[in-house]
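In terms of the working numbering, the sequence shown opens at residue 4 and continues consecutively. In this text, a Cβ means the ideal position worked out from N, Cα and C, and glycines have one as well. Owing to the predicted nature of the structure, the values given are computational and were not obtained by experimental measurement.
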Amino acid sequence: MNAFIKKIQTALNDRGYGPLKIDGKDGPKTQKAVAAFQKDAGLEADGLVGPLTENRLFREQLSVISLDGDGSTPHFTRAEFACDCQGAYCDGYPGVMDLWLMLKLEALRNALDAPVIITSGLRCEIRNGEVGGIPRSKHRIGQAADLYAPGIDINRVASIAESLGLTTILYLEQGFVHCEV
Ligand SMILES: [Zn+2]
4 MNAFIKKIQT ALNDRGYGPL KIDGKDGPKT QKAVAAFQKD AGLEADGLVG PLTENRLFRE
64 QLSVISLDGD GSTPHFTRAE FACDCQGAYC DGYPGVMDLW LMLKLEALRN ALDAPVIITS
124 GLRCEIRNGE VGGIPRSKHR IGQAADLYAP GIDINRVASI AESLGLTTIL YLEQGFVHCE
184 V
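So this is what it looks like as structure tokens:
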């Protein structure tokens with residue numbers, strides 16, 4: 004499965020060019036939907052996603068969530084993703100949350116129609132080591148978040164996250180799911 008193709012398929016579905024199965028395969032249906040989008044956007048309708056098409060496909064979505072400038076989104080504040088070393092090793096923001104991840108978390112929150120609690124967002128290198136994170140953990144670069152939704156089966160949260168194109172690791176006993184892009 005190709006994560007980039009999944010991202011494209013999801014965006015096309017969001018814009019009404021589906022329904023496409025989010026399978027990460029660049030098949031005829033996906034290419035046809037890409038071509039239809041390109042035609043409407045005034046681009047060459049070749050069905051291939053190059054930089055121009057990608058930009059057009061995601062530009063509006065990204066600008067919506069970066070509007071207020073501090074990285075907050077309609078349902079999440081920047082502080083919810085702060086490193087939890089409590090200021091011991093960093094100022095709480097050793098990186099910036101990835102916009103694509105934030106967009107997905109918003110979509111997850113909307114799909115669940117319930118609050119989503121972030122248990123870990125950004126982590127500085129030292130804190131990441133302390134909590135046993137892998138050295139190249141995506142938490143260090145804002146591309147991962149651990150979360151749960153109170154009252155909702157964690158398996159369900161994970162499967163919806165997957166359907167939205169997030170890569171997940173389920174921590175059943177701890178009751179949270181790691182989501183990354
Ligand atoms: Zn820290």
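Cβ distance (whole Å) where residue i is taken to contact residue j below 8 Å
i           : j           : result
residue 139 : residue 128 : Not a contact, Cβ separation roughly 11 Å.
residue 46  : residue 55  : 6 Å
residue 147 : residue 84  : Not really, about 10 Å apart at Cβ, beyond 8 Å.
residue 5   : residue 19  : Their Cβ separation, rounded to whole angstroms, is 22 Å, which puts residue 5 and residue 19 out of contact at 8 Å.
residue 132 : residue 100 : That belief does not hold up - the Cβ atoms of residue 132 and residue 100 are roughly 21 Å apart, past 8 Å.
Sequence-distant residues of its chain with Cβ nearer than 8 Å to residue i (five each side left out)
i           : result
residue 120 : 150, 151, 152 and 153
residue 16  : 22, 23 and 25
residue 178 : 151 and 157
residue 134 : 123 and 126
Proximity of residue i and residue j at Cβ, strictly below 8 Å
i           : j           : result
residue 23  : residue 32  : yes
residue 180 : residue 155 : no
residue 126 : residue 86  : yes
residue 52  : residue 115 : no
residue 130 : residue 92  : yes
residue 36  : residue 49  : no
residue 79  : residue 102 : no
Cβ-based neighbour list, residue i, same chain, cut-off 7 Å, excluding 5 preceding and 5 following
i           : result
residue 13  : 25, 167 and 168
residue 136 : 126 and 142
residue 110 : 167
Cβ neighbour criterion (16 or more within 10 Å) applied to residue i
i           : result
residue 164 : buried
residue 145 : buried
residue 172 : exposed
residue 175 : exposed
- Item | Check your reading: residues with Cβ closer than 7 Å to ligand 1 heavy atoms | So the residues near ligand 1 by this Cβ test are 86, 88, 91, 92, 93, 95, 97, 126, 127, 129 and 130.
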